Amino acid sequence: MTGPATPQDETPDDGTTPNTATPNTATPNTSAPDDSGTPAPDDNGTPDDNTAPAIAAAASAEAAAEAAHAASTAPAARNAPADPDLARLAALHGVDTAYEPVPGRPVHVPRSTVVAVLAALGVDASGPGAVRAALAERAAHLADRPLPPCLVVRAGAPVPPLGLPSGTAAVVTLEDGEVRDGPPGDGLPLGHHTLRVRTPDGRDAACPLIVVPDRVPVPPGRSFGFMVQLYSLLSRRSWGMGDLADLAEFAGWAGREAGAGFLTVNPLHTALPPGDGPGDPSPYRPSSRRFPDPVHLRVEAVPEYAYLPLRDRAEADRLLAGAERLRAGVLERGEPVDRDAVWRLKSAALELVCRVPLGPGRLAAHRDFVAGRGTALDDHATWSALAERHGPDWHAWPAGLRDPRSAATARAREDLRDRVDHHRRLAWLTDEQLGTAQRAATAAGMPVGIVHDLAVGVHPAGSDAWALSGALAAGMSTGAPPDAFNAHGQDWGLPPWRPDALAAAGYAPYRDLLRNVLRHAGGVRIDHVMGLFRLWWVPQGRPPTEGTYVRYDAEAMLGVLALEAHRAGAVVIGEDLGTVEPGVRERLAERGVLGTSVLWFERAYQGRDDLGAAEADGRPLPPSAWRTDCLATVTTHDLPSTAARLTGEHVELRHRLGLLTGSLAAEQAADSADVTEWLAYLVSLGLLPEGPADQEGAIRAVHRFLARTPARMVGVWLPDAVGDRRPQNVPGTTDSYPNWRLPVADGTGRPVTLEELAASTRLRDLTAELRRGLAGAE
């Protein structure tokens, strides 16, 4: 996500040391950094994810405590909500009035923050009288309401006691229309049902009743796969950036010849249009998470392209020539990927293609798609058409158009019918090519196939924020509290879900989001999966230090996720890097959600249940001690490439960018010690026969190590396979580094095409090592 301020996605903003502290009453995730580990929109587009050698857990915890103490003694923080009535009201609505960066060191949330967050939830707490009135109203509402807003129960488990009066009549309407009389029992099928009751005193009530499986599907056996940023995967046929045809081509090769079981990709969500200035290249701050971006289309692969009339063929050829120049600029002249330029060409070409009438069969398929996607597609297409006319920020549109259900919006939808239909068609074409890519992966023998990435939120100006405004908290942004690596906290610029609105809607907005992402997926990676439990809300106009945690019904959020993953037959990977509340990782594992473990952060820290005190000495964690239910990787999109880490180049880069918090010499010494220790450990395990001076051998060695762990899924960062030294994203930067705009390259920085990747001896050697390692570990 490219965003408003501060570092982002999964790495600490100094880029040198993972947060091993225990912020937020949490146990340290020895596989990574801070509590904010997700794509934060910050300067470059994803939540902040610590990036460097591990440091002593005790020292990190102390630093976190000091950062928290500084926050707690700030003037705003001293205005803490001591009023027990306000604290009780906040608790009733899931709003925390304090948090603990480390156990036993509580930080009080400013009273003004609590009041602002409650207001975003529709609760007036502006003064003592308002608080008392809100408490009374809440009590009366609970007393008068026979049913909760929503019930989520596990299949086979009894429905929890509802406290209904004796003699209450009940009926359950299943999602297929079948009606079952009597109170809900433990024999209900999976699905989204409705419970209706009538009490003896004549009160009628209804609520969604969602029956969910215990667990999400698990991968069928162990496998390795590639972690790909699709824009960076250019072929000799790309229009200046990797596209869905490239993804299908790479999946077919990776499954058949490399033996890969999956491919993870960056979020392919619809980006916010650029407007007057350049667009945001970050895939983590999208306009819509519900629909993929047509910029990923391969125009020539659209069937109607072959039937362009002669009058349009010359224009199409001119656009193709422009695409060739863009491609050559990236592959031959060292230019960064220019998403905006690619979209200008593709958009013009797609205007021509969409003029070609659909044949009867394809017209029927298109109509089915439009009908099946319903209001969500209508809203997205309408927003897209309105953005063409009024600009990409709906807050600046004429007042009547800011409400997707207004009469003015209905009139505009009719007036812009042709443009709305055009955007519906683009959504369908993109959906088709996504399906083609997943079918190519499974046809090539991949047991999982494409694993899509679900960003943590959406751009406040975009399509989803407009269409789902009732389910999002107005005037709030998600972020992270102060910690050892960022005393100022983080503001990611993404409006959070309202937990009350989700429950009232039977979790339909969340369900539909998951369903859309999983349409053509073998799995999904959920960015900042801890957000299913709680999110740090920051009131608009205030610093992140003046935020607070808001709680979600994790049983419901995990249950709906399990149901949709079960129906899609998809695995779920949770990005759980950072410090996580006690019990969260265990609850995720209990539901079958895989975690994420990064080699450089996996050390034997105190607090691990599987290690004794003598073993918890901060050394590299033995492969046998790694968790089974995880995606194990060496690096991620927010961390240095392995080649850069081995040489220390990533420290020099962050020094040039002004991102180091210590001296260059100190950072280099710490980094070198960390790498040297890991290499020595690999040698001791017999995994580095080439010797520590052999860089390519060392890259093979860290992957041999991953194969020796019990991890169900082993991820290979694609740039690592050819020795790329450049990170795809440097948290804490905007214009000073080309985040999200670099093609895969070799160790000299020369871009490597998809065709060259498939022919690479180095890549083939690495995948052969992984196949042998995984086979030998079974």
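First residue of the sequence shown? That's 1413 in the working numbering, and the numbers climb one at a time after it.
Note that beta-carbon positions come from the ideal geometry of N, C-alpha and C, so glycine has one too.
What you are looking at is a predicted structure, and each value in this text was computed from that prediction instead of being measured.
Query: Go through the segment 2067 to 2147 residue by residue and report every complete run of the alpha helix (DSSP H) that reaches 4 residues or more, in order.; Result: 2076 to 2096 and 2107 to 2120
Query: Out of curiosity, what's the CA-to-CA distance linking Arg-1831 and Leu-1563?; Result: 40 Å
Query: Taking only three categories from DSSP, how would you classify His-1778?; Result: helix
Query: From Phe-1703 to Ala-2085, what does the alpha carbon distance come to, in whole angstroms?; Result: 45 Å
Query: Starting from Val-1996, trace the alpha helix (DSSP H) both ways and give me its first and last residue.; Result: 1996 to 2002
Query: Within 10 angstroms of its Cβ, does Asp-1903 collect 16 or more other Cβ (buried), or is it exposed?; Result: buried
Query: Mind checking whether Ala-1892 and Trp-1948 have CB atoms under 8 Å apart?; Result: yes
Query: Among all the DSSP beta bridges, which residues are the ones paired with Thr-1585?; Result: Val-1591 and Thr-1606
Query: How would you write the range of the beta strand (DSSP E) that Val-1892 sits in, first residue to last?; Result: Residue identity differs from the one stated: residue 1892 is Ala in this sequence, not Val. Residues 1888 to 1892.
Query: Measuring only the C-alpha atoms, how far is Arg-1557 from His-1604?; Result: 21 Å
Query: Can you look up Leu-1501 in the DSSP assignment and give me helix, strand or coil?; Result: helix
Query: Run through DSSP, which three-state label would Asp-1843 get?; Result: helix
Query: Look at the alpha carbon of Asp-1598 and the alpha carbon of Arg-1566, and state the distance between them as a whole number of angstroms.; Result: 9 Å
Query: In angstroms with no decimal places, state the Cα-to-Cα distance between Asp-1658 and Leu-2166.; Result: 8 Å
Query: Give, in chain order, every unbroken run of the beta strand (DSSP E) that is at least 3 residues long and sits entirely within the segment 1898 to 1962.; Result: 1935 to 1938 and 1946 to 1951
Query: Taking 8 Å as the threshold (C-beta atoms), are Leu-1841 and Leu-1709 in contact?; Result: yes
Query: With 16 as the cutoff for other CB atoms within 10 Å, does Gly-1637 come out buried or exposed?; Result: buried
Query: Thinking C-beta only, is Leu-1646 closer than 8 Å to Gly-1633?; Result: no
Query: How should Tyr-2149 be labelled, buried or exposed, when 16 other C-beta atoms within 10 angstroms of its C-beta is the threshold for buried?; Result: buried
Query: Just confirm the distance between the C-beta atoms of Ser-2009 and Pro-1859, as a whole number of angstroms; I'd bet it's less than 8 Å.; Result: In fact, because the Cβ distance is near 20 Å, the residues do not count as touching under 8 Å.
Query: Taking His-1553 and Leu-1530 to be in contact with their CB atoms under 8 Å, please state how far apart those CB atoms are, rounded to whole angstroms.; Result: At roughly 15 Å, the Cβ-Cβ gap does not stay under 8 Å, so His-1553 and Leu-1530 are not in contact.
Query: If we count the other Cβ atoms within 10 Å of its Cβ and call it buried at 16 or more, is Tyr-1643 buried or exposed?; Result: buried
Query: Between the alpha carbons of His-1802 and His-1792, how many angstroms are there, rounded?; Result: 15 Å
Query: Do you know whose CA, among Asp-1752, Leu-1720 and Pro-1721, lies nearest Asp-1692's CA?; Result: Asp-1752
Query: Between Pro-1921 and Leu-1914, what straight-line distance do the alpha-carbon atoms span, to the nearest angstrom?; Result: 7 Å
Query: Give the secondary structure of Leu-1646 by DSSP, where H, G and I count as helix, E and B as strand, and everything else as coil.; Result: coil
Query: Answer with buried or exposed for Pro-2163, where buried requires no fewer than 16 other C-beta atoms within 10 angstroms of its C-beta.; Result: buried
Query: Per DSSP, what kind of secondary structure is Pro-2035 in: helix, strand or coil?; Result: helix
Query: Pairing CB atoms from the segment 1619 to 1628 with CB atoms from the segment 1712 to 1720, are three or more of them under 8 Å?; Result: no
Query: Could you tell me which residues DSSP puts in a beta bridge with His-1520?; Result: Ala-1510
Query: By a C-beta neighbour count over all protein chains shown, 10 Å radius and 16 as the cutoff for buried, is Glu-1844 buried or exposed?; Result: buried
Query: Buried or exposed, going by whether 16 or more other CB atoms sit within 10 Å of the CB of Arg-1523?; Result: buried
Query: Taking DSSP's pairing of strands, which residues face Asp-1865 in a bridge?; Result: Arg-1937
Query: Considering only DSSP beta bridges, list what Phe-1638 is partnered with.; Result: Leu-1675 and Val-2128
Query: In angstroms with no decimal places, state the Cα-to-Cα distance between Glu-2191 and Leu-2094.; Result: The structure shown does not extend to residue 2191, since the chain is modelled only from 1413 to 2190, so the question has no answer here.
Query: Three-state secondary structure (DSSP) at Gly-1986?; Result: strand
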